[in-house]
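Residue numbers (this note's numbering): 5 to 446.
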């Protein structure tokens with residue numbers, strides 16, 4: 005009987021090890037789902053969110069910058085989810101880092117680091133919207149005749165042209181990825197120091213590829229308005245950038261034409277300034293910039309501008325510690341670090357009340373080693389620090405809810421924004437991308 009039991013046991017072992025049963029066991033193992041952990045945030049990507057020459061990575065880090073999860077966008081429509089293995093309380097803060105790597109002759113790295121986030125702030129996920137980018141471009145080199153005013157240029161969404169040696173030279177987008185109806189070019193020709201004698205002239209062209217010559221007869225002076233500014237800082241000439249939008253769709257895409265861009269000269273007493281512009285667009289926005297302050301708004305600038313007497317600061321030490329000292333009532337903080345030799349820009353966005361800014365750890369095999377090492381070892385330069393006050397937002401949570409989560413231009417929900425700035429390399433605020441959009445404002 006004992007030998008019979010041993011024989012039956014041996015037969016059972018041999019049967020279980022047969023090739024057919026091994027296949028069944030392998031199938032069971034393969035079909036058993038792997039638990040990725042607790043979902044922290046989901047990010048909805050539309051189709052064609054980035055151009056073919058770009059990669060897009062997302063890093064989830066803890067409140068010390070340590071890596072939790074990392075994913076790469078597939079370039080297709082998808083719901084990308086990031087997880088953590090351990091239990092994650094609703095109130096625990098974390099950081100999301102978005103990395104854009106663009107390939108041209110060399111690689112360009114634009115990195116956006118959002119800190120002081122919680123699960124409750126991002127409940128429901130982030131929804132990126134389709135954004136128009138250039139699929140095809142054209143180039144112009146227009147002859148000019150008798151155009152000797154100080155400014156002759158064209159700048160707007162997807163196009164830029166400047167006067168070089170009596171020619172208007174530059175590029176324009178002839179085809180956008182989402183069929184954006186944006187084909188017109190606004191050319192401005194003026195002398196900002198003389199607002200009289202019809203010194204502001206303009207042309208709005210929808211067939212720039214067919215134009216070979218520009219002269220005085222090509223420009224218009226109708227529908228030009230003169231406006232007045234008065235400030236409390238007579239020693240400064242504010243930089244005014246005025247944008248015109250052809251319709252609501254383009255306004256919501258931040259796809260506008262720059263219809264004024266110059267330091268507004270003083271007339272009479274130093275605090276009085278005058279400028280002209282073509283009042284031909286149903287919607288406009290403006291950016292008015294001083295040495296340590298900027299004001300963005302919908303419409304045209306108010307007549308009286310009060311520059312607040314506020315200061316902010318930041319420090320970046322050799323041990324990679326980045327600090328921020330903001331100002332009361334300004335909900336959002338920003339710091340920019342860069343490494344120009346590597347074409348690397350890092351924009352940190354965080355709660356304006358925080359003092360310590362998180363620098364995330366970059367994992368291996370995501371970026372080029374020299375870029376990864378530069379970030380992880382602090383081979384970076386402190387560029388500028390900014391505190392932002394949004395008219396309709398009460399706190400950083402409002403900013404995340406109304407801007408980042410729905411991929412919306414901030415001015416849709418808050419038509420006015422103030423920035424206090426301290427620059428470490430410039431006498432003005434450097435333009436900042438309105439992530440994930442492709443437009444920059446000061």
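Even for Gly, the Cβ is constructed at its ideal location relative to N, Cα and C.
Values in this document were obtained by computation on a predicted structure and should not be read as measured data.
1. Suppose only complete runs of 3+ residues qualify. What are the beta strand (DSSP E) ranges in the region 131–182, listed by chain order?
2. Give me the residue from 45, 61, 48 with the minimum Cα distance to residue 369.
3. Here's a check: name, in chain order, each residue in its chain whose Cβ is nearer than 6 Å to the Cβ of residue 142, leaving out the five neighbours to either side.
4. So, is residue 44 buried or exposed, given that buried needs 16 or more other C-beta atoms within 10 angstroms?
5. Taking the straight line between their C-alpha atoms, what separation do you get for residue 114 and residue 102?
6. Alpha carbon to alpha carbon, what distance is there between residue 348 and residue 216?
7. Compare the beta carbon distance of residue 302 and residue 281 with 8 Å and say whether it is the shorter of the two.
8. Any idea which residues DSSP pairs residue 86 with across the strands?
9. List, from N- to C-terminal side, the alpha helix (DSSP H) runs of 4 residues or more that fit wholly inside the region 184–266.
10. Name the residue from 288, 395, 196, 261 whose alpha carbon lies nearest to the alpha carbon of residue 163.
11. Around the C-beta of residue 182, are 16 or more other C-beta atoms found within 10 angstroms, so that it is buried, or is it exposed?
12. Report back the beta-carbon spacing between residue 354 and residue 392 to the nearest angstrom; my notes put them in contact at under 8 Å.
13. In or out: residue 154 buried (at least 16 other Cβ within 10 Å) or exposed?
14. What are the boundary residues of the beta strand (DSSP E) that includes residue 62?
15. Quick check: residue 244 and residue 266, are their CB atoms within less than 8 Å of each other?
16. Need the endpoints of the alpha helix (DSSP H) that residue 414 sits in, please.
17. Taking DSSP as the reference, what is the three-state secondary structure of residue 108?
18. Exposed or buried, what is residue 342 when buried is set at 16 or more other beta-carbons lying within 10 Å of its beta-carbon?
19. If we ignore side chains and look at the alpha-carbon of each, how far apart do residue 40 and residue 208 end up?
20. Starting from residue 339 and walking both ways along the beta strand (DSSP E), at which residues does that stretch end?
21. State the start and end residues of the unbroken alpha helix (DSSP H) segment that holds residue 378.
22. Can you name the start and end residues of the beta strand (DSSP E) that residue 313 belongs to?
23. Which value, in whole angstroms, describes the spacing of the CA atoms of residue 73 and residue 118?
24. Secondary structure at residue 429, three-state DSSP: helix, strand or coil?
25. At the level of alpha carbons, what is the spacing between residue 453 and residue 283?
26. If you draw a straight line from the C-alpha of residue 198 to the C-alpha of residue 85, how long is it?
27. Using the Cβ count rule (16 or more neighbours within 10 Å means buried), how would you classify residue 57?
28. Would you mind reading off the limits of the beta strand (DSSP E) that contains residue 1?
29. Could you tell me the alpha carbon to alpha carbon distance between residue 230 and residue 307, rounded to whole angstroms?
30. Hey, how far is the Cα of residue 54 from the Cα of residue 443?
31. Give every residue of the same chain whose Cβ lies closer than 7 Å to the Cβ of residue 363, excluding the five residues on either side of it in the sequence, and list them in chain order.
32. Using C-beta distances below 7 Å, list every residue in its chain close to residue 417, excluding the 5 sequence neighbours before and after it, in chain order.
33. Can you name, in chain order, every residue of its own chain whose Cβ lies under 6 Å from the Cβ of residue 170, other than the five neighbours on each side?
34. Drop a sphere of 10 angstroms on the beta-carbon of residue 166, count the other beta-carbons inside from all chains shown, and report buried for 16 or more, exposed for fewer.
35. If you draw a straight line from the C-alpha of residue 313 to the C-alpha of residue 138, how long is it?
36. Tell whether a beta-carbon distance below 8 Å holds between residue 127 and residue 91.
Concretely, from the data shown:
1. 138–149, 155–160, 163–168, 171–180
2. 61
3. 176, 178, 213
4. buried
5. 8 Å
6. 38 Å
7. no
8. BP columns for residue 86 point to 45.
9. 252–256
10. 261
11. Residue 182 comes out exposed.
12. Not confirmed; about 11 Å, so no contact.
13. exposed
14. 58–65
15. yes
16. Secondary structure note for residue 414: its alpha helix (DSSP H) is the uninterrupted segment 414–417.
17. DSSP places residue 108 in coil when its eight states are reduced to three.
18. Classification for residue 342: buried.
19. So the alpha carbons of these two residues sit roughly 55 Å apart.
20. 336–343
21. 373–380
22. Counting along the chain, residue 313 falls outside any beta strand (DSSP E), and DSSP gives it neither H nor E.
23. 15 Å
24. coil
25. Outside the displayed range of the chain (5 to 446) lies residue 453, so it cannot be described from this structure.
26. So the two alpha carbons sit approximately 56 Å from each other.
27. Exposed: under 16 other Cβ atoms inside 10 Å.
28. No answer is possible for residue 1: it lies beyond the span of the chain, which begins at 5 and ends at 446.
29. If you draw a straight line from the Cα of residue 230 to the Cα of residue 307, it is about 12 Å long.
30. 15 Å
31. The beta carbon of residue 363 lies closer than 7 Å to those of 69, 324, 326 in the same chain, with the five residues before and after it left out.
32. Counting only Cβ-Cβ distances below 7 Å, and skipping sequence neighbours, we find 396, 406.
33. 148
34. exposed
35. 41 Å
36. no
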